[in-house]
Structure formats: structure tokens, C-alpha cells
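J.: Chains as they are written, first to last, in our numbering: chain A, 127 to 299; chain B, 127 to 299; chain C, 127 to 299; chain D, 127 to 299.
Number of protein chains: 4
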Amino acid sequence: MKKPRKPQIAVIGRDLHANEELLSEAEKVGRLIAEKGGILVCGGHGGIMRAAAKGAKSEGGLTVGILPELDKNNANEYIDIAIPTGMHQARNMIIPLAADAVIALAGGVGTLSEMCLAYIYRKPIIALVGHGGWSEKLAGSYIDEKKLVKIIPAHSAEEAVELAFKIIDESKK
Amino acid sequence: MKKPRKPQIAVIGRDLHANEELLSEAEKVGRLIAEKGGILVCGGHGGIMRAAAKGAKSEGGLTVGILPELDKNNANEYIDIAIPTGMHQARNMIIPLAADAVIALAGGVGTLSEMCLAYIYRKPIIALVGHGGWSEKLAGSYIDEKKLVKIIPAHSAEEAVELAFKIIDESKK
Amino acid sequence: MKKPRKPQIAVIGRDLHANEELLSEAEKVGRLIAEKGGILVCGGHGGIMRAAAKGAKSEGGLTVGILPELDKNNANEYIDIAIPTGMHQARNMIIPLAADAVIALAGGVGTLSEMCLAYIYRKPIIALVGHGGWSEKLAGSYIDEKKLVKIIPAHSAEEAVELAFKIIDESKK
Amino acid sequence: MKKPRKPQIAVIGRDLHANEELLSEAEKVGRLIAEKGGILVCGGHGGIMRAAAKGAKSEGGLTVGILPELDKNNANEYIDIAIPTGMHQARNMIIPLAADAVIALAGGVGTLSEMCLAYIYRKPIIALVGHGGWSEKLAGSYIDEKKLVKIIPAHSAEEAVELAFKIIDESKK
Numbered sequence: 127m128k129k130p131r132k133p134q135i136a137v138i139g140r141d142l143h144a145n146e147e148l149l150s151e152a153e154k155v156g157r158l159i160a161e162k163g164g165i166l167v168c169g170g171h172g173g174i175m176r177a178a179a180k181g182a183k184s185e186g187g188l189t190v191g192i193l194p195e196l197d198k199n200n201a202n203e204y205i206d207i208a209i210p211t212g213m214h215q216a217r218n219m220i221i222p223l224a225a226d227a228v229i230a231l232a233g234g235v236g237t238l239s240e241m242c243l244a245y246i247y248r249k250p251i252i253a254l255v256g257h258g259g260w261s262e263k264l265a266g267s268y269i270d271e272k273k274l275v276k277i278i279p280a281h282s283a284e285e286a287v288e289l290a291f292k293i294i295d296e297s298k299k
Numbered sequence: 127m128k129k130p131r132k133p134q135i136a137v138i139g140r141d142l143h144a145n146e147e148l149l150s151e152a153e154k155v156g157r158l159i160a161e162k163g164g165i166l167v168c169g170g171h172g173g174i175m176r177a178a179a180k181g182a183k184s185e186g187g188l189t190v191g192i193l194p195e196l197d198k199n200n201a202n203e204y205i206d207i208a209i210p211t212g213m214h215q216a217r218n219m220i221i222p223l224a225a226d227a228v229i230a231l232a233g234g235v236g237t238l239s240e241m242c243l244a245y246i247y248r249k250p251i252i253a254l255v256g257h258g259g260w261s262e263k264l265a266g267s268y269i270d271e272k273k274l275v276k277i278i279p280a281h282s283a284e285e286a287v288e289l290a291f292k293i294i295d296e297s298k299k
Numbered sequence: 127m128k129k130p131r132k133p134q135i136a137v138i139g140r141d142l143h144a145n146e147e148l149l150s151e152a153e154k155v156g157r158l159i160a161e162k163g164g165i166l167v168c169g170g171h172g173g174i175m176r177a178a179a180k181g182a183k184s185e186g187g188l189t190v191g192i193l194p195e196l197d198k199n200n201a202n203e204y205i206d207i208a209i210p211t212g213m214h215q216a217r218n219m220i221i222p223l224a225a226d227a228v229i230a231l232a233g234g235v236g237t238l239s240e241m242c243l244a245y246i247y248r249k250p251i252i253a254l255v256g257h258g259g260w261s262e263k264l265a266g267s268y269i270d271e272k273k274l275v276k277i278i279p280a281h282s283a284e285e286a287v288e289l290a291f292k293i294i295d296e297s298k299k
Numbered sequence: 127m128k129k130p131r132k133p134q135i136a137v138i139g140r141d142l143h144a145n146e147e148l149l150s151e152a153e154k155v156g157r158l159i160a161e162k163g164g165i166l167v168c169g170g171h172g173g174i175m176r177a178a179a180k181g182a183k184s185e186g187g188l189t190v191g192i193l194p195e196l197d198k199n200n201a202n203e204y205i206d207i208a209i210p211t212g213m214h215q216a217r218n219m220i221i222p223l224a225a226d227a228v229i230a231l232a233g234g235v236g237t238l239s240e241m242c243l244a245y246i247y248r249k250p251i252i253a254l255v256g257h258g259g260w261s262e263k264l265a266g267s268y269i270d271e272k273k274l275v276k277i278i279p280a281h282s283a284e285e286a287v288e289l290a291f292k293i294i295d296e297s298k299k
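(1) Would you identify the three-state DSSP class for Thr-189/C, choosing helix, strand or coil?
(2) Establish whether the CB of Arg-176/D and some CB of chain A are separated by less than 9 Å.
(3) Kindly provide the ranges of any alpha helix (DSSP H) runs that are 4 or more residues long and lie completely inside the segment 206–267 of chain A, ordered along the chain.
(4) Check Gly-181/C in the structure and name its three-state DSSP category.
(5) Please determine, among Ile-159/A, Val-137/A and Ile-174/A, the residue with the shortest C-alpha to C-alpha distance to Leu-148/A.
(6) From the DSSP output, in three-state form, read off Leu-196/B for me.
(7) Counting only beta-carbon atoms, is Gly-214/C nearer than 9 Å to chain A?
(8) Which residues in chain B have a C-beta closer than 9 Å to the C-beta of Tyr-247/C? List them in chain order.
(9) Give me the subset of the segment 258–283 of chain A whose CB atoms are less than 7 Å from a CB atom of chain B, sorted by chain position.
(10) Would you mind working out which of Lys-272/B, Ala-179/B, Ala-182/B and Leu-231/B sits nearest His-143/B, comparing C-alpha positions?
(11) Take Ala-286/A as the anchor and find which of Gly-169/A, Arg-140/A, Arg-157/A and Asp-141/A has the nearest alpha-carbon.
(12) Near Leu-289/C, what residues of its chain come up, given a Cβ to Cβ distance below 7 Å and the 5 sequence neighbours on each side ignored?
(13) Report, in whole angstroms, the separation of the C-beta atoms of Ile-209/B and Val-228/B, which I expect to be a contact under 8 Å.
(14) Out of Ile-221/A, Ile-159/A, Ile-220/A and His-214/A, state which residue places its alpha-carbon closest to the alpha-carbon of Lys-132/A.
(15) Please confirm if the segment 216–228 of chain A is in contact with the segment 242–261 of chain A, defined as three or more CB-CB distances below 8 Å between the two stretches.
(16) Can you tell me whether Glu-271/A is buried or exposed, with buried defined as 16 or more other CB within 10 angstroms of its CB?
(17) Would you mind giving the Cβ-Cβ distance between His-171/C and Asn-145/C, rounded to the nearest angstrom? I have them listed as a contact below 8 Å.
(18) Near Asp-206/A, which residues of its chain fall below 6 Å by C-beta distance, leaving aside the five closest residues on each side in sequence?
(19) Going by CA-CA distance only, name the one from Gln-134/C, Ala-178/C, Arg-140/C and Gly-163/C that's closest to Val-155/C.
(20) Please return the same chain residues whose Cβ sits closer than 6 Å to the Cβ of Asn-200/D, not counting the five positions on each side in sequence.
(21) What span of residues does the beta strand (DSSP E) with Gly-139/A cover, start to end?
(22) Quick check: is the beta carbon of Val-235/D nearer than 9 Å to any beta carbon in chain C?
(23) Taking the continuous alpha helix (DSSP H) assigned at Leu-158/A, which residues delimit it?
(24) Verify whether the separation of the beta carbon atoms of Ile-221/A and Ala-136/A is less than 9 Å.
(25) Quick one: what's Ile-165/A bridged to in DSSP?
(26) Would you mind sorting Gly-266/C into buried or exposed? The rule is 16 or more other CB atoms within 10 Å of its CB.
(27) Taking Cβ positions, are Ile-138/B and Glu-262/B nearer each other than 9 Å?
(28) Tell me, please, which residues DSSP counts as bridged to Ala-280/D.
(29) Kindly indicate which three-state DSSP category Ala-290/B falls into: helix, strand or coil?
(30) Mapping DSSP to helix, strand and coil, what is Ile-298/D?
(31) Any C-beta of chain A sitting closer than 9 Å to the C-beta of Ser-239/B?
(32) For Ile-165/D, would you say it is in contact with chain A, using Cβ-to-Cβ distances shorter than 9 Å as the test?
(33) With 9 Å as the threshold, decide whether the Cβ of His-171/B is near any Cβ in chain A.
(34) For Val-190/B, return the contacting residues in chain C, with the cut-off set at a CB-CB distance below 9 Å.
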């Protein structure tokens, strides 16, 4: 019998201006996703995306980078599989679509647009709080009155990854 | 000599649950855009999009609907030019790209994602306040710390359209 | 009662290396589309796209350019409504989707990819013969064994435009 | 030092109507890609895509399916990583973009559109001959007069995969 596909978990967050503490948290998130057998999906660029991919690779995990540009070589050095879309910010739709759950760390406008699309497509969204940005602002609430999915707050990398796997497991029952 | 292209102004806002007052405001926005010689760009569906297109047509204006689905016939009856993208929510990137300025009326998650993309691509964004939704929440602020463009508040349909044309005119100087 | 939307007719063909005769034919196609009340849809760039748009404007017609890049200003000077997609060649799907019928003039690989997408989405495709390129090679045949739509040969600009309108009219019955 | 990313090789070809001999050839192509350490990229659906993924998995390889629809679960059972794009046929651009080389087996209009995009983006294209379809028709030629990349004929699964890896190796020198 064919084994089920491994969970694909997206980590989204800012490219630039991430401080050391936040990057270290992103790396931990990536590591824990790999430890638990998940595949890391991200935007393939720097900052939080690179830190999360670095963490996943430190545990021998698998990493996917979905890029806005045409060139595979723009993926960071921790990306195993580079998927260039050539569609600029429209790739922000493909990242949540490719995810069974999304973990948001801080993040500016790009992250917010990905949270919106994850919400529209009813993906579980976990927001790591304590680091500012849109994940902090939206944690615990719905993005709009349609109340499609609540943004679930997590207070540590461990809690964020545990929540992601728990929700994915429950969705299979 | 070839005349310059007419200004293309996007009106974004909720599809469902728009009350009569808001729809009437959207219709006024559409009408004023047409009066001033602008082309109305919108998502082509119902609610605010339909009301704005109806307003523009009442003044003999031109209306463009950029649709998420494959089928041209899903455009509302006030759309002159239907552009189906077949790309679901990724069409939310094309609407601001096609606009010289964006006017946001209330709006839920779809509108927020369009405001994000308008912001990323540095389009002037005018938010009509007084009707709740994301345009109200973000009016007067920047979406993130990059401070690319400030969301400009407007307190009436007239002010919103005047601001849009004024900003477009100034950008040409 | 609301009038029906005007027919949207896409003209596709090479950007570069179009000779004078071919450009003159493209201009005639654009002119005739406008004369008969159609809206010209094209890729918004140079060569055949520019010639067709020029022809349509000479008759006071309306022209739409669906661009691969982010910047509206890349549209040629005869485009009334510029729709930048920021999706590179993926915009080749939107052009046939926006069309009630597609007229192909000569054309290289870009045109071929648009003919493929028009075929997949079962749009009427008219190929102007006598100028080489993929429209010549495929005229009178089906692109694959699924036989979705036959590529209809036309031997002049007049015949191409007449066929396009005739097929659109018949599809409404 | 970080190891270089593994080569990503796209296998494209018809979904339906593939006969047993062709499916067996596709399976062999997938198996050989995995044996040589490549990652298989495909459209994630049935027919040749499924056979190639099955072959790759029989050697413990890694398989990526880039889907036209919104739902990850539409990927065939041999796909490890499902990337739903929600962009219908516009996903045909992402498959060649994600590839270091493309191997085309027979194929109808969908395959032809992917060959066009691979050609536009100057990806090495190997066409397995002897099974009809567009890979047969275009083998040994250029798609248009721009002569961007020649479609390289291969007469067996072994030759196709060897050529793909050889070209990728040479491009790194």
C-alpha cells in the first residue's frame, strides 16, 4: 500500500529586517517541522524563509521554495526543490495552496497577503506571537466577518509546530 | 498626436453583505469616475463591483471586469470588457496592476489582499471611511514598516474620486 | 434593457520580424473589427499587436492590451485599456480567455502557445494563411487528436473578420 | 559546504489515451531519472505523468506534481510533493520553469503548450520519438525562426535521460 503524502507546512514571514531572535525562532520552526516528518514549503528567499529552510535541513528535512521570479537559482541555499513561478506576487497564492497548514512569523505586507489567501482557501493558520508584525495583530481573530478560519496564536516555535501537526492529524479523521 | 490613455481607476470592495448605503456610495464613485473621464476597473462580480460599474455606465463610462474564473459570462451586466483570468484569487494582483489609483470601499479579506498588492506595487490607495471593513481599519496608515504608500482616507465618494484624479494628475508632472 | 456586451476579438501574431505586408494585413484586421463593432484584444506589444490596434483606432474602435509585465506603460500607443498581468507568458492564457474568437496572423512560438490555449478553452480560431508561421501550418487542422476546435483558414483580412463575427453570432443562437 | 541542488527534470506528455507501451516507456524514464539522482517534476495528473512518477518512486526518487487546480488531493498517488497552483493551464508555464531539462513523450495540445514555454525560457528539451504526438513532430527542429533551443530527439528512455543529464552537467561547466 502507498503511504500517505507527508504533511506540507508553509512558513511565511518577512524577508528583510528580521532580527536574530526571530530568525532563530524561524530556524527552530523549520527544524521541528522536519523532526516531525513534515515538508517545509516557503517563498524560497531570505530572512525567515531562509532561516526556516536552514532549520529543516539541519534535521535532514525536505524544503520547497516557491519563487516569484523566473529563475530557479534565486532560491536560497537551503532549498531542495525550487519552483519558480514567474508570476511575481501571484505566487503568494500558491504557497498557502501547497500547504496543509501555514505558520506565520511576524511579517509585513507580503506575509499579510499570504495570510489572506490562506484564509480564503480555509487553510489552518498558526500565528507565532511575541514578535510583532501581522501575525501578532491577527492572532486570535478572523480576518473578516465571513469567519472562515480563526488565526490560532502560538507562543513558541514548539507550540506552533505542534498545533500545525495536531490540526492536520485531526483533519484526516 | 496620440492622446494619453485615460486614467484607469480600480474600485475594490466586498462582493456580499454590502448594505444599501454602501452600494449607493459605490454607485456614486463609479459615476464620478466616468464623469471625470476615467475608466472603471473592478473584479467584475457583484456587490460593490456591480454598483460601481452601474454608476459608471449611468454616465456613459467604460467598465472593465477582471474575473477570477475562466468564463467571460460571469461578469455582471454593467461590465463592458470582461477579462477572465482563470487564476482564482491571483487575479487580485492584476486589478491593482491595471489601476493608476485604487479606491477601497469597506471590504473583507479579498479587498484586503487587493490593498496589499496595490501597496506592494506602490499604487495610490484611497480608502473610503465610515463604512467599516479593512479600508476603514487601514485608512491613514501604512500596511507595514516599509512605508511604501500611505492609505489615504476619504470621507465621501466625491472626495475619494477627487483625490484619485488629483494624485494621478500630479504623478504625471 | 441592458445591451449585450460587444464581441471581444483577439488578434495574435508575432511581435518582431513582421514584414510590411503582414503589418498592413494586421492593421486591416484591426480596422474591420472596429468597423463591425468589436473590441480588439491583444498582447499590447509591438509588431502585429501594434498594427492591429492602430487599425482599430483608425475606425474609432476600442483596444485592450493584456501585457506580460507589471508596467502599464509598456503598452503600445494604440492601446486604450492596458491590463498588465505581471505573469510573463502566463498572460498568453488570458488573451484567448478574454476573446470570443481569436484571429492568428503568422506567428512564432508565442502565437503557437496562445493558439494552444485558445484550442484548450474551445475558442473559435481563425488562421490567416499566406504569411507563413504557425497559423499557416495549423490552418484547416486540429491541434491534437481530441479535435476540440478546427483551426479555420482565412485568405484575407476581410474573410478572417467576417468568419470571426459569423461564428460569434451563430454561437448566440 | 552546501551540496548543489539535485537536477529537476520535467516529464511531460499526454494525460489520456496513452497506450501500454508508452506508459511503460514513461515509467522507465521516471525510474532512470531517480536512479541518476534527479528529481522528477510533472503535472501531477494521470497518464504519462503518473507512469513517470511511479517509475521514480520504484527507485526511491522524489516526485513533484504541479497541478492546475486548487486541491492538493488531485495529485496522483506517486507524487511526494503536490503544488496546486489554482491557475488552470497557466501552470503549464511553471512546469518548464521548475525544470533544468524537459523530456517530452508523445503528447497533445497541453504538452505542446509546455514545449512552447520550455522553448521560450530556453530550457533543454528532449523529445522521445517513435510514439507520435507533438514530441515526434518537433523532434530535431526549432519551434520558430528565433531558434532559441533545438528539440533534441531521443530514441529510447535511456537515451532521453542520458541526454538530459549530460546537457545539465555541461551547462554547469
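Backbone N, C-alpha and C fix where the C-beta goes; we use that ideal spot for every residue, glycine too.
T.: So, from the data block:
(1) strand
(2) no
(3) 217–223, 235–246 and 259–264
(4) helix
(5) Ile-174/A
(6) coil
(7) For the record, residue 214/C in the displayed sequence is His; it is not Gly. Closer than 9 Å to some Cβ of chain A, the Cβ of His-214/C qualifies, so yes.
(8) Leu-196 and Gly-212
(9) Ile-269, Asp-270, Glu-271 and Lys-272
(10) Leu-231/B
(11) Arg-157/A
(12) Ile-252, Ile-278 and Ala-280
(13) Not confirmed; about 17 Å, so no contact.
(14) Ile-159/A
(15) yes
(16) exposed
(17) Going by Cβ atoms, the distance from His-171/C to Asn-145/C rounds to 17 Å, so no, they are not a contact pair.
(18) Leu-188 and Thr-189
(19) Ala-178/C
(20) Leu-193
(21) 134–139
(22) yes
(23) 146–161
(24) yes
(25) Gln-134/A and Leu-188/A
(26) exposed
(27) no
(28) Leu-254/D
(29) helix
(30) Note that residue 298/D is Lys in the sequence shown here, rather than Ile. Here Lys-298/D sits in helix by DSSP.
(31) yes
(32) yes
(33) no
(34) Val-190, Ile-207 and Ile-209
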